[in-house]
Amino acid sequence: MTDKYLTLNGKKFYYDEIASYSFRNSIPLNGYESKTLEFCRSWLNGVQEFPIQTSGSTGVPKTINLTRRQLEASARRTIKLLNLQPGDCTLICLNTEYIAGMMMLVRGFVADLRMIIVEPIGNPLTLVSPEEKITFSSFVPMQLHAILQETPQRLGQLNGMNGMLVGGAPVTPTQQRELQQIQSPVYHTYGMTETASHIALRKLNGYDAADYYEVLENIEVGLDKRGCLTIKGDITNNELLITNDIVELLTPTRFRWIGRADNTINTGGVKVQTETVELAIAEAFVDDVDSPRFFIAPQPDEVLGEKIVLVLECEQLSEEEEKQLQERLRSKLKKYEMPKEVYYSKAFSETSTGKLSRERTLRKLGLYTE
């Protein structure tokens, strides 16, 4: 272990000094570096259980405990899928306090990869030498978008990877179209903190791009009475985990994600799935260069019970611009899916992992209803 090391924000740390924390007085650390190295120290010292905080994107953040065995089982599936070999280089640019970034560290240790860790910023490749051969990385959609838009000369660096993961947020039709220029496989992940990151992957680019997720080996999935996905395997300690995600189960190992059960809006007696409407709205924006972020939400209505409203992250549109927007939406949405009102927010609220917080945004606009 004496000659093994990782690089964190350009600083080299050998595994033996991480395990003993012998560098603490000789190398100044910021808060992110300290927390990252604390996890690494625990891993190298054989700790068997790890407290991990959920992101809070779909509810109140909470801390759960995952075992070393669960984390290793998850890591080995990704390592096998991407044929990662000892000495391959992985770029870790997701927040290591949460499961997505933490699992990148675990994969690095389990596969004996060379780890380059940088703080999670919009375009992480700007923190890495263009000469660096990266074998594997994981991004949120906006990071890949920023790389392709701001540093197109780095496309070769992406193409040189065995593959990359993208998760933490939906991939818009515009972003998926943009990803077609990448030659290396790009996989959209499905998973959660409770499953030690992803349990299924969807290919986003190439001739075999799919609209369904393929479940990784030796993981059982099914449906509960609500039509929500259930998961069982070594990553759940072989206990049945019931999710809140409505899916269409295509085969025993394939499913199409529809949306969350708590994102169903009952408007005038018609049940509308939030994610389905948002996908259609995204398609209406697909040719816009600078389309704003948005989401839909229910609001109380005396006639309909609940009405659909659209919230845009931008300055308020003029009356004529809003009329044009409504016309574009009518071409994509059914009558009962149409937003009855449009609201504007200059900046959406986000979770600590950069995910959109619908609840906090609605509260800020005075629209949140229990």
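So for the sequence shown, full-length UniProt numbering puts the first residue at 1; every next one is plus one. For every residue, glycine included, the Cβ atom is placed at its ideal position computed from N, Cα and C. Computed from a prediction, not measured in an experiment: that's the story for all the values here.
In whole angstroms, what is the alpha-carbon distance linking residue 180 and residue 205?
On the sequence shown, position 180 is the one that residue 180 refers to. On the sequence shown, position 205 is the one that residue 205 refers to. When rounded, the distance between both Cα atoms is 5 Å.
Is the separation between the beta-carbon of residue 311 and that of residue 274 shorter than 8 Å?
The residue you call residue 311 lines up with position 311 of the sequence shown. The residue you call residue 274 lines up with position 274 of the sequence shown. Going by C-beta atoms, residue 311 is not nearer than 8 Å to residue 274.
Cβ pair residue 235, residue 73 closer than 8 Å
The residue labelled residue 235 in the question sits at position 235 within the sequence shown. The residue labelled residue 73 in the question sits at position 73 within the sequence shown. Their beta carbons are under 8 Å apart, which means residue 235 touches residue 73 by this criterion.
How long is the line joining the alpha carbons of residue 249 and residue 168, rounded to whole angstroms?
Within the sequence shown, the letter at position 249 stands for residue 249. Within the sequence shown, the letter at position 168 stands for residue 168. Their backbone Cα atoms lie some 22 Å apart in a straight line.
If you draw a straight line from the alpha carbon of residue 144 to that of residue 123, how long is it in whole angstroms?
Start at 1 with the first residue of the sequence shown, and residue 144 comes out as number 144. Start at 1 with the first residue of the sequence shown, and residue 123 comes out as number 123. Rounded to the nearest whole angstrom, the C-alpha separation of residue 144 and residue 123 is 8 Å.
Say whether the stretch 156-163 touches the stretch 183-193, bearing in mind that this needs 3 or more beta-carbon pairs closer than 8 Å, one atom from each stretch.
yes
Extent of the continuous beta strand (DSSP E) run through residue 137
Residue mapping note: residue 137 aligns to position 137 of the sequence shown, counting from 1. Its beta strand (DSSP E) spans residues 136-139.
Report the option in 255, 354 and 230 whose CA atom is closest to the CA atom of residue 373.
Residue 373 lies beyond the stretch modelled for the chain, which goes from 1 to 370, so this question has no answer here.
Under a three-way DSSP split, which group does residue 9 fall into?
Along the sequence shown, read from residue 1 onward, the residue named residue 9 stands at position 9. In this structure, residue 9 counts as coil in the three-state DSSP scheme.
Within 10 angstroms of its Cβ, does residue 240 collect 16 or more other Cβ (buried), or is it exposed?
For the purposes of this step, residue 240 is taken as residue 240 along the sequence shown, with counting starting at 1. With fewer than 16 other Cβ atoms within 10 Å, it is exposed.
Host beta strand (DSSP E) of residue 250 (start-end):
Here residue 250 corresponds to residue number 250 of the sequence shown, with the count starting at 1. Looking at the DSSP string, the run of the beta strand (DSSP E) that includes residue 250 is 241-251.
Short Cβ contact (8 Å threshold) for residue 173 with residue 286
Position 173 of the sequence shown, counting from 1, holds the residue named residue 173. Position 286 of the sequence shown, counting from 1, holds the residue named residue 286. In this structure, residue 286 lies closer than 8 Å to residue 173 by Cβ.
C-alpha distance - residue 107 paired with residue 277, whole-angstrom precision
Translated into the one-based positions of the sequence shown, residue 107 becomes position 107. Translated into the one-based positions of the sequence shown, residue 277 becomes position 277. Distance between the alpha carbons of residue 107 and residue 277 is about 36 Å.
I need the straight-line Cα distance from residue 66 to residue 264, nearest angstrom please.
If you number the sequence shown from 1, residue 66 lands on position 66. If you number the sequence shown from 1, residue 264 lands on position 264. Roughly 31 Å between the two C-alpha positions.
Taking the alpha-carbon positions, what's the residue 202 to residue 295 distance?
In the sequence shown, residue 202 corresponds to position 202, counting from 1. In the sequence shown, residue 295 corresponds to position 295, counting from 1. Going by the C-alpha atoms only, they are around 23 Å apart.
Assign residue 343 to one of three DSSP states: helix, strand, or coil.
Residue numbering aside, residue 343 sits at position 343 when the sequence shown is read from its first letter. Note: residue 343 maps to strand in three-state DSSP.
Secondary structure of residue 102, DSSP reduced to three states
Here the question's residue 102 lines up with position 102 in the sequence shown. Here residue 102 sits in helix by DSSP.
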